Each structure stands twice: as structure tokens, then as C-alpha cells.
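Under the numbering used here, think of the first position of the sequence shown as 219, with each following residue one higher.
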Amino acid sequence: MVKKKTASKKTANKSTKKESKKSSKKATKKVSTPPIDKQVKVSKPSSRLDEGGAGFPRKNFIKFTVLAVIVILFLVLLVYAININVKLLFDTETHISLSPTTASYISTNHEPVPVNFDVDVTKLEICDILCEHQLIDSSQGVILKNFSEKALNHKSYSYDLAVPKYGSGQVIYNYKVQCRTLDNNICPSKNKTYSSSAFITVDYSLSDNEIQKKESLKTNLIKLTTDIDSAKKNIYDSNNILSSLNYRAGFLTSEEKSLSSKNSGLSSLLKVVELNLLDLFDMWKSQKFALASEGYLLLNDKLSSVVKESSLTESSLITIHNTFNNNILSLKSLQDNSSYYSNMAGFFNLVDKTQYAKMKDLDVSFDSVVSQIENKSFLSFSSVSFDVSSITLNLESIESNYNSKLVLLDDKANSLFDKYNRTYYFLTGSSFEKKSNSCKTISSLINQIDDYNLGVDVSDLNESEIENSIIYSELLLDNISNNNISLNDYFVFPNSYLLDYYSNYCNWTPISVFDNLFVAPNISFVDNFQSEEIVIPPSLDQCCFGGNCSPCCHGDSCDTIYPIILVHGHSFSKSTSPELAFTRLTYLQDALAKDGYINGGTIGQTSSIENITAGTWGETPAPLVVGVTYYYLNYYDVGGVNFVTRKTDNIENYALRLREAVDLVKEKTGRDKVIIVAHSMGGLVAREYISLFGESNVDKLIILGTPDYGVEGDVKKYCTVTGAEAECTDMYANSMFLTRLNNPNNYLSQTKTYTIAAHGCEMKSDSAKKEDGDGVVLARNVPLPFAKNYNITGNCTDFFGTDLHMNFVNPNLYPQTYDLIKQMLAD
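Spelled out as C-alpha cells, the structure:
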């Protein structure tokens, strides 16, 4: 029996092993219950597995576990997808942080300025992003560096910003980072672009060496202007003299023609010199002092030659002119003294026929020269000079002969008068004035003797009667002198000697000479040369933009070139960086930069630019476009100005911060007004700012898609889910804030205001009525009664039906919006 039992046990054990193997192979198909005496070797099933029958609980647990894992994974993916789509909706999935966004440096020319840019790119992990980096010399409109690389979380880039080699002024640089998501079949935002830019100014001044060159060059330029004026006057006077001579002669002789040709050549050369001087002025204005100094040396030599030769030409013409004028004056003098020369001719006709014949010949020559001058028939000016000189010299010889004969005549008369004087003195005891013209005196005395009453006693004659008589007798005079006779014995005085003298020397008739009715021409020219003051232009600081250079803005020269402030709208995420709210407006800023506006980047933390000198941003004569945010709160602390991010305040608080940004831009540009272009809620912030601080600071207000009369429907319902409650409450239709803001007392009257509303998306209003809008703002809630209101049409393309609100301000997507904005800016 023992063996059986034993055998029976072995059999039972084999059977158990087989069943165990089968159960292990079949896994969970069926669980066998082992014999009672063997149960000690088998683990006791859990109570959960025992419930509901053998094998059923374990199978359901595994299924449940797998299902739970799948559900959890699905929920995680769903939340992730929703998060991604929300980020895609609000453009927060990718963000570029660029530092610094604004900076200003001071240097001397030719000294490069080192600058470092830090770039941080936040992106979805499943997305690959390629970023293009550009260092732009905006002053010349040239891209200096351009490269692309895959985005990293953080990287620094260093550059040396070149400064002009000469002059003083300002140069502008922009550093632009534009990133694009790559198409990798996983990233949901394919080929979307994002950009950020920095605005850098460098003010440079003259070196000490250039300051000295500038002062020296200014003195030399003044000398050039003086010399040019002298040469101009010489040439002008020469032309005037030539015109006068040509008028008197009717022609120019070879000599004058030669001088005229020379003068014309000098005039042409002077025009070239003046053009060269303008080139020097351009160098002076653009502050190329070294180059201008070299140009001065060459121009000064050329101009000195013109001044010298023009002076010699003028002197030669003046000699011809004055000689001709003097010849005419000589002829006029002969004419004016014709009576004198006529007497001379009559005298010679009586006493010297040879001299008389010469005078008649001179008279003929005189008439001939006068006729030639009057009829403009003389051969040349020199021929006139020769003829007049010949007449003058011959006449001088004749006149000398005439004077000699008159001296002899006067000597004879004087002899008579001397004796007469002694007689008269003896008779009257007084002196007698000698007569200067003997013939005239003798003629008068002869006539008076004929009328003399011989019966009058000499002692009874008065002085005037004796003066008009003559007692002439050699014997008488001798006897009287010797007191040999009595005066009373002689009352008749013979005058035969006087009559002989008079008939021989005094009895001539004047013969007319030089009596041609010659009207001497006036050939003098009027010196009406007007000196043109050549003003040396000021050498001012040069500011260039887009390759066009002009003097930098100083004083009030650019007062009406107002800066443009771009104000972002509502941030749909309380946790993102404030700069992200500005993302959509970067497209607008880039477009304006292509059209001649200065890309001023974005002002984030205002404390970072407080040290920039006032007026620095306004030196270049082009409007600045700068983005601002009202989500930073600046405050003063022990260490200086600090800031915190505040995105949960109401619109009034945002308006207070916008004031800081406006004041800062006004200070840094040196302008007294700004132009505000605001999107969405930014328009309400701008309107509240003007309501609080007045219209004097804002020239124009352009608001895009602004809920001027509030948000409604689903937007109102879900605003606080992603945005701040305070600002959302202010934007609700019929809110206390909007009721106050839209009061007619707050209508703008001085600030030009424009609105643009987008149509094309179906929305719900507060009454659940379907209306038209941009997906966020109903179109009817945008226009203002005191503004010029415009509309554009588009469509919503995203899942939520709201992206038109963001997209219509993008010039790449809606150029019609940009065209309206440009029209408003130019208005």
C-alpha cells in the first residue's frame, strides 16, 4: 500500500506539473485550483481577483489601465494642442528678445564704435526656426551684414559700427532679426515670420586737426569770394567800356577786338572758377575740409590769374577810353575858346601872314576831326589821338609866337604909358594904374581925345578926365620934367603917334576859327556794377538717411517733422512679455521704414534710454517711428529707476504710462508733438491720454480696430479668461469708462483723428444678434463722430474666427490698410 501511495503520489505530482505547465502556457486563459495539500506552495490571490469569479478582475484591470493611459495622453496632447493653438492665435508661440532695442553713442569721426547685441528666441520645442540677421547702415541705406542661422535660446553678436572719416553729425544703424518657422511637418506654425529691430545712433564730432582745417579753409573761402567779385567787376567794366567805345566809333578796331576777345575768355574762365567754388562749398557743407583745402590751392592759382589778366585788360581799355575822352575835351576846349583864337587869327592876318596861314590850316584839321567823330568815320581811336595831338602841338607853337609878339607890343605901349604916368603924376600928384590891354586902352583914349574940350584948364581937370586922356610928346615930357614950361601954355596934346601905333598894331578884325558847332559826345559809362555777395554756406553737422545727406536738425528747422508712436493693443496673455503685444505692429513699422521713415525700434523699459541726450532722435530730418508699451511701470528706487511689468491695471493707468512714453519721445526727438497710431485697446489708451492731458501733445491720432464703443458677445464673455479683468471691464460696451470717454465734452477738436474698421467676420453682439466685424470688434463700434472714419474688408481664416482683427494691420496681408495709413500721415 505504501508503494501505491507512493506511486499515487508520484502520479499526482506529475499531473500537477503538467497542469502547471499548461497553465503557464495559456497565461490568463484559466487558473486551476491546486490540491489542498499543495496550496501552501501557491500564492493566495488578492481579494480583488477573487471578486466576480476566477480570472475576470485581472483582465479588466489591464484594460482599464491601458485605457486610462490613453485617455491621459489624449488629454495631455489636447491641452498641448489647445495651448499651441492659443499661442498661434495670439502670436505668442515665438518671441524674439533683442537687447538693446535703442542706444546712442558719442564718438569723434573715424573712430568706430563697438556694440553688442543679445538675442533670445523663445519658440515651440517641436518647431525649427531660421533667423536672418541684418546690420543695416540706415544712413546710407546699405546692408552691412546679412546672414542666417538656426535660432538658439541665447546668443550674442558683436560689431564695430563705422563712423564717417570726416566732418561731424549723426549716423543711424538698425539691427534687425527676422525669424521664420521651418516646414518640418510637425510645427503647426509653418513659414510664419517674426521680427525685432534695434535703433542705434552715433553722434560724431570733428577732430582737433579738422577744427584747425575748418577755420583755415573758411578764411581762404572768403578770399576766393572777394577775388571773384574783383574779377567780375573788372570784366564788367571792360565790357561796359567796350560797349561805349563801340557806340562812339560804330566798330572796334583790331586792338579793341583783341581786348574784347580776351575779356570774353576771362569771363568764361571765371564761370568755371565759380562752378569750382560751388564744388568747394559742397565740400565745405559736407565737412570734407581736407579735400576742400586741396581744391582751394588749385582754384586760387586759377583765380589769381583771372584777376590779374582782367585787371590788365580793364586798364588797357580805360587808357583807350580816357584818351579818346580827353581828345574830345581838347576839341571842346578849342571850340569854347574860339573867340580868343579868332582874335589871334585876326592879329596874325595883320602882322604875320605865315602864322595866319597855319591857323587856317589848323581850323580845317579841327573841322575834319570833329566831322569824323560826329559821323563815326574816323579810322581808329589812335588816329583821333594823332590828329588832335597834331592840332594841339601846332596851335601851341602858334600861340607861343602870338604871345611873343604881344609882349613886344605891350613893351611899346608900356613905354608910352610910363611917360604918361610920370606926366600924370606931375600934374596930379597921384599914381596911375597901368592898363593891361594896350590896344584897347589906346583906342579908348584916342576916341576920348577927339571929344576933349581944349579950352579947359589943366588944373581944373579931375582925375577921371585926366585918366581918359593922354598927353603925348617927347618934347613935352622932357620939358615938363625939366620944369622948362608952364603947364598953362599946353592944352592941346597931339595924338598922331597914338594913331600910328593903333593902326599898325591894334586895328585888326577877328577871323573865326574853331567855331564848328561841335557837340562833344558824352562817352563816359555809368559804373552800375552790382556786387553780388557770395555767401559762404554754413558748414553744419551732416545727417544722412537712405543715402541722402542734409544738415542735421537744429533749432526749429524740423519742428513739424513729428515722430510717430505705435501703440499696441490688448495683451491676450497675462504671462507673456509686454513686448509680445507689439508683435503685429512690427510689420507696420517695417513697411514705414521702407517708405522713408526711421525705424526707431521699440521702447520697452524707459529707464534704459534716460541717459540719451535730449534731441538726439530728432537730429536726422526724417520722421521717427517707434513702438511703445504701457505695460511697464517705472519707479524710482535707491539704485535709480527700476520697473515692473503691470498688465492687470485699468485703461486709465495705462494712459498715465503712455504719457511717460510720449514725454520721453518728445524729449529725445526735440519735438513738441507726436503722431499716435494705435491698434485695438491701444486706441482707447491713447484717447484716455488725450482726455487727461489735453490735445497739445498730439498732432494726429490714427486708431485701428479700436472698440471705441466697447466689445460685445463672446469676446466680452471670454476676455477675462486670457486678459486682465480691469482692462476687460473698461472695454465692455456701455462701461462707465467708455460712457465717460465718449461724452461729447471729450470729443477731440484740435487733434486730427482717423479710424479704420475691418469688416468680413460674423460675430455676435450682446443681444446675440449676428453682426459684421473683424472677429474681435464689431465694425459699428469703431467709428467716432469727430473723426474721419474708414473701412476695409477682409475675412477670418482661423478656427476661432478672430484673426482679421490682428491681420488687417499687417501691410503684407492688407496693403489697403497701409495705403490708408500713409494717406492719413500725409494729410
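Yeah, the Cβ is synthetic: ideal placement off N, Cα and C, and Gly gets one too. Just so you know, these numbers come straight off a predicted model, no measurement behind them.
- Collapsing the DSSP output to three states places Gln807 in a helix.
- Pro839 sits away from Tyr815, with the two beta carbons spaced by 8 Å or more.
- Beta bridge pairing from DSSP links Thr419 with Ser322 and Ile390.
- Uninterrupted alpha helix (DSSP H) stretches at least 4 residues long and entirely within the segment 910 to 997 occur at 931 to 940, 943 to 949 and 954 to 959, given in chain order.
- A direct Cα-to-Cα measurement between Gly991 and Lys1006 gives close to 18 Å.
- Ala1044 and Ile893 have their alpha carbons spaced roughly 11 Å apart.
- For Ile783, the uninterrupted beta strand (DSSP E) run begins and ends at Ile782 to Val785, by DSSP.
- Within the same chain, Phe335, Leu353 and Ala416 come within 6 Å of Tyr393 by CB-CB distance, once the 5 residues on both sides are set aside.
- In the DSSP assignment, Pro332 is bridged to Asp378.
- DSSP places Lys373 within a strand segment (E or B) once states are collapsed to three.
- Straight-line spacing of the CA atoms in Val625 and Ile536 works out to 42 Å.
- In this chain, the alpha helix (DSSP H) harbouring Ala510 covers Phe507 to Asp554.
- Sequence-distant Cβ neighbours of Asn1030 in its own chain, meaning closer than 7 Å and more than five residues away, are Tyr805.
- Contact between Gly387 and Asp759 holds: their C-beta atoms lie close to 4 Å from each other, under 8 Å.
- Tyr620 has its alpha-carbon roughly 12 Å from the corresponding atom of Leu568.
- In the structure shown, the three-state DSSP call for Gly773 is coil.
- The shortest C-alpha to C-alpha distance from Gly818 to any of Thr778, Thr887 and Cys776 is the one to Thr887.
- Scanning its chain for C-beta atoms nearer than 7 Å, with the 5 sequence neighbours on each side dropped, one finds around Asn545 the residues Val602, Ser603 and Val606, in chain order.
- In this structure, the alpha-carbon of Val1027 lies about 36 Å from that of Pro332.
- Look at Asn1007 here: in three-state DSSP terms it is strand.
- When the beta-carbon positions are compared, Thr973 and Pro1001 come within less than 8 Å of each other.
- DSSP assignment within the segment 431 to 455 yields no whole alpha helix (DSSP H) run of 4 residues or more.
- For Asp355, the enclosing beta strand (DSSP E) covers residues Ile347 to Asp355.
- DSSP, reduced to helix, strand and coil, places Ile752 outside both helices and strands of the structure shown, so it counts as coil.
- Remark: C-beta atoms of Ile1039 and Val880 do not approach each other more closely than 8 Å.
- Between the segment 892 to 908 and the segment 919 to 936, the count of Cβ pairs shorter than 8 Å is three or higher; the stretches touch.
- Val337 is the residue among Thr969, Thr326 and Val337 whose C-alpha sits nearest the C-alpha of Ser374.
- Assigned with DSSP and collapsed to three states, Ser598 falls in coil, not helix or strand.
- Around the C-beta of His328, fewer than 16 other C-beta atoms lie within 10 Å, and the residue is accordingly described as exposed.
- The shortest CA-to-CA distance from Lys368 to any of Thr969, Ser557, Thr340 and Ala986 is the one to Thr340.
- Per the DSSP secondary-structure output, Lys363 pairs in a beta bridge with Leu353.
- At a Cβ-Cβ threshold of 8 Å, Ile754 and Ile459 do not count as neighbours.
- Assigned with DSSP and collapsed to three states, Tyr849 falls in coil, not helix or strand.
- Counting C-beta pairs with one atom in each stretch, the segment 867 to 881 and the segment 904 to 922 have three or more that are closer than 8 Å, which means they touch.
- Contact between the segment 540 to 555 and the segment 499 to 513 is absent, with fewer than three C-beta pairs closer than 8 Å.
- Counting every other CB atom within 10 Å of its CB across the protein chains shown gives Tyr780 a total of 16 or more, marking it as buried.
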